[in-house]
Amino acid sequence: MQRTFFPVSADPITNWEVNAVNKLKQKFDKVVVGIENNETYTFTLEERLDMAKKCLTDVEIVTVKGYPEDFAAENNMHVLAVAYRHYDEHKWERIKKCYSLGLDVFIQTGDYLLERITTDYVKTLQQDYKDVVKFVPLYVKQKLEEKISKQYIIGVTGEIASGKTFLCNELNDLARLNSVRYHHVNLDVVAKNVLYANKQLIGKTFGTYLVENGRLNVKKLAEIVFSDKMQLEKLNTVMKDPILKEIKKELKTKQGIITLDGALIVDHNITYLCNNNVVLINVDRATQEERLKQRGLTKSQAVARLNSQDCFKLKKFKLEEKIKKDNYGKIFNGNVEPSILFNQILDYFHLR
14 MQRTFFPVSA DPITNWEVNA VNKLKQKFDK VVVGIENNET YTFTLEERLD MAKKCLTDVE
74 IVTVKGYPED FAAENNMHVL AVAYRHYDEH KWERIKKCYS LGLDVFIQTG DYLLERITTD
134 YVKTLQQDYK DVVKFVPLYV KQKLEEKISK QYIIGVTGEI ASGKTFLCNE LNDLARLNSV
194 RYHHVNLDVV AKNVLYANKQ LIGKTFGTYL VENGRLNVKK LAEIVFSDKM QLEKLNTVMK
254 DPILKEIKKE LKTKQGIITL DGALIVDHNI TYLCNNNVVL INVDRATQEE RLKQRGLTKS
314 QAVARLNSQD CFKLKKFKLE EKIKKDNYGK IFNGNVEPSI LFNQILDYFH LR
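Here this note's numbering runs 13 ahead of the position in the sequence shown, where the first position is 1.
What follows is the structure in structure tokens.
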């Protein structure tokens, strides 16, 4: 059996390492990944092992103390894979030492599009509250948010008028009683603020008559988009990037549990913001229609709003598929008692 030894810091694991390991698995019968433990790291050894085991499949994972090439020689691993992105004097010295120990060296590269993704790079991005979802597995993204930003982000969703904001307010009360830091980000409020801030763009896209005396007529805009699916899709496309930018701004500097409350986080495929960790609320149609009526909507307007969004079953199906694809995430039952849900969240994030 031909096996190779591939040492990494895993501080944290990035998509570059995942890609490199997958390439090694195609070339060798067995790949042993060594988690180095020789210097100061951001994550503890236990945390780095946890991330590696979660993100790397069909490999053996071991801890390495000392020089990796010595470890490989002592454990009869005849091939040492050396990660290569660019010329590095330190790596060249390691290669020469491998040959002196009788080890073969396999130069392993990752996809060139991933070359800039280093552990320091993703940690710097997280320190600046920049998006790292393209550079690390979703589980690692969550761990970066927890370790560097002290953020524990969870989505709260369901159909319109399902009681999302009410539940978030209940969680806020429970957090205060238990001296737990908590922030509620209402995505409806964020979206409305973005709409008002981009009223000229809305007027240019849907008609200048929507902006009267410098003010956006949201009621008229709603009549347009909720009566025509293509117009709604156009609005979503135009507003997606500005809304995402505003959400990141809302998240910046907040610490503790953060709930992202929005009916469309599954529909718009942005559950990566909360790492596919989502509280999903179910509600009957009659209750929804009554709540929307209390908000001043007519029966036909309420039905139009309800029909414009994914139903509960479709949201649940899409979320389950996303969790399967990303190999990470959890659906919480939003219909249990708030105190039970609150304790489940604390346990999930190891906050007690």
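Quick reminder that beta carbons are idealized off the backbone N, C-alpha and C, glycines included.
Remember, it's a predicted structure, so these values are computed and weren't measured experimentally.
Point to revise | Sequence-distant residues of the same chain with beta carbon closer than 7 Å to ASP24, five excluded per side | key: Numbered from 1 along the sequence shown, position 11 holds the residue referred to as residue 24. For ASP24, where only same-chain residues beyond five positions count, the Cβ hits under 7 Å are TYR54, THR55, PHE56, ARG61, THR132.
Review point. Hey, out of ILE260, PHE355, THR250, whose CA is closest to GLU144's CA?
Key: Stepping through the sequence shown from its first residue, residue 144 is reached at position 131. It should be noted that the sequence gives Asp, not Glu, for residue 144. Ranking the options by Cα distance to ASP144, first place goes to ILE260.
Exercise for review: Taking only the alpha-carbon atoms, compute the straight-line gap between TYR341 and ASN50 and give it to the nearest angstrom.
Suggested key: Stepping through the sequence shown from its first residue, residue 341 is reached at position 328. Stepping through the sequence shown from its first residue, residue 50 is reached at position 37. Rounded to the nearest whole angstrom, the CA to CA distance from TYR341 to ASN50 is 26 Å.
Exercise for review: Leaving aside the five residues before and after GLY171 along the sequence, list all residues of the same chain whose C-beta is less than 8 Å from its C-beta, in chain order.
Suggested key: Here residue 171 refers to the residue found at position 158 when the sequence shown is read from its first residue. Cβ neighbours of GLY171 beyond the five flanking positions: LYS177, ALA276, LEU293, ILE294, ASN295, VAL296, PHE325, LYS328, GLY347.
**Study point:** Classification of ILE353 by the beta-carbon crowding that lies within 10 angstroms, buried from 16 upward
**Key:** Position 340 of the sequence shown, counted from the first residue, corresponds to residue 353. Only exposed fits ILE353, as fewer than 16 other CB atoms lie within 10 angstroms of its CB.
Point to revise | Which of helix, strand or coil DSSP assigns to LEU248 | key: Position 235 of the sequence shown, counted from the first residue, corresponds to residue 248. Residue state, collapsed to three classes: helix.
Review point. Thinking just about the alpha-carbon of each residue, which of LEU257, VAL149, ILE26 is nearest to the one in LYS205?
Key: Reading the sequence shown from its first residue, position 192 is the one you call residue 205. Measuring C-alpha to C-alpha distances from LYS205 to each of LEU257, VAL149, ILE26 identifies LEU257 as the nearest.
Review point. Three-state secondary structure (DSSP) at GLU183?
Key: Translated into positions along the sequence shown, residue 183 becomes position 170. DSSP places GLU183 in helix when its eight states are reduced to three.
Exercise for review: Within its chain, find whatever has a CB closer than 6 Å to the CB of GLN301; leave out the 5 residues flanking it on each side and keep chain order.
Suggested key: Within the sequence shown, numbered from 1, the residue matching residue 301 stands at position 288. Excluding the 5 residues flanking it on each side, GLN301 has same chain C-beta neighbours closer than 6 Å at ALA174, in chain order.
Exercise for review: For the beta strand (DSSP E) containing THR272, list its first residue and its last residue.
Suggested key: Residue numbering aside, residue 272 sits at position 259 when the sequence shown is read from its first letter. Per DSSP, the unbroken beta strand (DSSP E) holding THR272 starts and ends at 269 to 274.
**Study point:** Assigned secondary structure, ARG16 (DSSP; H/G/I helix, E/B strand, else coil)
**Key:** The residue you call residue 16 lines up with position 3 of the sequence shown. Secondary structure of ARG16 (DSSP, three-state): strand.
Practice item. Would you kindly report the start and end of the unbroken beta strand (DSSP E) that includes ALA174? Key: By 1-based counting over the sequence shown, the position of residue 174 is 161. Per DSSP, ALA174 lies in no beta strand (DSSP E) segment and is marked neither H nor E.
Point to revise | CB-CB length for ILE167 against GLN140, believed under 8 Å | key: In the sequence shown, the residue the question calls residue 167 occupies position 154. In the sequence shown, the residue the question calls residue 140 occupies position 127. Under the criterion of beta carbons closer than 8 Å, ILE167 and GLN140 do not qualify as touching, at roughly 22 Å.
Point to revise | Nearest candidate by alpha-carbon position, reference GLN15, set ILE270, LYS43, PRO150, GLN213 | key: By 1-based counting over the sequence shown, the position of residue 15 is 2. Per the Cα distances, LYS43.
Point to revise | Spatial neighbours of LEU151 in its chain, beta-carbon cut-off 8 Å, leaving aside the 5 residues before and after | key: Translated into positions along the sequence shown, residue 151 becomes position 138. These residues qualify, in order along the chain: TYR285, ASN288, ASN289, ASP339, ASN340, TYR341, GLY342.
Check your understanding: Near GLY309, what residues of its chain come up, given a Cβ to Cβ distance below 6 Å and the 5 sequence neighbours on each side ignored?
Key -> By 1-based counting over the sequence shown, the position of residue 309 is 296. If we look at GLY309 and ignore the five residues flanking it on each side, it has no Cβ neighbours.
Point to revise | Own chain, CB closer than 7 Å to CYS376, minus 5 neighbours either side, in chain order | key: Outside the displayed range of the chain (14 to 365) lies residue 376, so it cannot be described from this structure.
Review point. Between GLU225 and LEU245, what straight-line distance do the alpha-carbon atoms span, to the nearest angstrom?
Key: Sequence index remark: in the sequence shown, residue 225 carries index 212 (1-based). Sequence index remark: in the sequence shown, residue 245 carries index 232 (1-based). Whole-angstrom Cα-Cα distance: 21 Å.
Exercise for review: Can you tell me which of the three DSSP states VAL149 falls into?
Suggested key: As a working note, residue 149 is residue 136 in the sequence shown. Coil, per DSSP.
Check your understanding: What number of angstroms, rounded off, separates the C-alpha of VAL279 from the C-alpha of THR70?
Key -> Reading the sequence shown from its first residue, position 266 is the one you call residue 279. Reading the sequence shown from its first residue, position 57 is the one you call residue 70. The alpha-carbon atoms of VAL279 and THR70 are separated by roughly 27 Å.
**Study point:** Candidates ILE283, LEU214, ALA235, PHE345: closest to THR311 by CA position
**Key:** Translated into positions along the sequence shown, residue 311 becomes position 298. Residue ALA235 is the option with its Cα nearest to THR311.
Check your understanding: Alpha carbon to alpha carbon, how far is ALA33 from MET90?
Key -> Along the sequence shown, one-based indexing puts residue 33 at 20. Along the sequence shown, one-based indexing puts residue 90 at 77. In this structure, the alpha-carbon of ALA33 lies about 18 Å from that of MET90.
Point to revise | Own chain, CB closer than 6 Å to TYR367, minus 5 neighbours either side, in chain order | key: Lying outside 14 to 365, the shown extent of the chain, residue 367 is not represented and no answer is given.
Practice item. Run the CB neighbour count on ALA299, radius 10 Å, all protein chains shown included, and call it buried at 16 or more, exposed below. Key: Within the sequence shown, the letter at position 286 stands for residue 299. So ALA299 counts as exposed.
Practice item. Look at the alpha carbon of PHE119 and the alpha carbon of PHE19, and state the distance between them as a whole number of angstroms. Key: In the sequence shown, residue 119 corresponds to position 106, counting from 1. In the sequence shown, residue 19 corresponds to position 6, counting from 1. Straight-line Cα distance between these residues: approximately 9 Å.
Review point. DSSP state of TYR218, grouped into three classes?
Key: Taking the first residue of the sequence shown as 1, we reach residue 218 at position 205. Per the sequence shown, residue 218 should be read as Thr rather than Tyr. THR218: helix per DSSP, three-state reduction.
Practice item. Take the Cβ of GLY220 as the centre, count every other Cβ of all protein chains shown within 10 Å, and call the residue buried at 16 or more, exposed below. Key: One-based indexing of the sequence shown puts residue 220 at position 207. Counting Cβ neighbours within 10 Å, GLY220 comes out exposed, since fewer than 16 surround it.
Point to revise | Of the listed residues ILE74, VAL193, VAL45, nearest to ASN356 (C-alpha basis) | key: What you label residue 356 is simply residue 343 of the sequence shown in a count that begins at 1. Comparing C-alpha distances from ASN356 to each of ILE74, VAL193, VAL45 shows the shortest one belongs to VAL193.
Practice item. Could you name the residues that DSSP lists as bridge partners for LYS5? Key: Past the boundaries of the shown model lies residue 5; the chain is included only from 14 to 365, so the question cannot be answered.
**Study point:** Buried or exposed (CB count within 10 angstroms, at least 16 for buried), GLY47
**Key:** Residue 47 sits at position 34 when you count from the first residue of the sequence shown. Buried, since its Cβ has 16 or more Cβ neighbours within 10 Å.
Point to revise | Straight-line Cα distance separating ASP117 from TYR134 | key: Position 121 of the sequence shown, counted from the start, is the residue given in the question as residue 134. Position 104 of the sequence shown, counted from the start, is the residue given in the question as residue 117. Going by the C-alpha atoms only, they are around 30 Å apart.
Practice item. In the DSSP assignment, find the alpha helix (DSSP H) that holds VAL316 and state where it starts and stops. Key: What you label residue 316 is simply residue 303 of the sequence shown in a count that begins at 1. Taken as a continuous stretch (DSSP letters only), the alpha helix (DSSP H) holding VAL316 covers 312 to 320.
Exercise for review: Determine the extent of the beta strand (DSSP E) in which ASN199 is found, giving its start and end residues.
Suggested key: Numbered from its first residue, the sequence shown carries residue 199 at position 186. For ASN199, the enclosing beta strand (DSSP E) begins and ends at 195 to 199.
Review point. What residue does the beta strand (DSSP E) around VAL75 start on, and which one ends it?
Key: Residue 75 sits at position 62 when you count from the first residue of the sequence shown. DSSP places VAL75 in the uninterrupted beta strand (DSSP E) bounded by 73 to 77.
**Study point:** Identity of the residues DSSP links to VAL224 by a beta bridge
**Key:** Taking the first residue of the sequence shown as position 1, residue 224 is located at position 211. Beta-bridge annotation (DSSP): VAL224 is paired with LEU229.
Point to revise | Bounding residues of the beta strand (DSSP E) (the contiguous stretch that carries VAL92) | key: Working through the sequence shown from its first residue, we reach residue 92 at position 79. For VAL92, the enclosing beta strand (DSSP E) stretches over residues 92 to 96.
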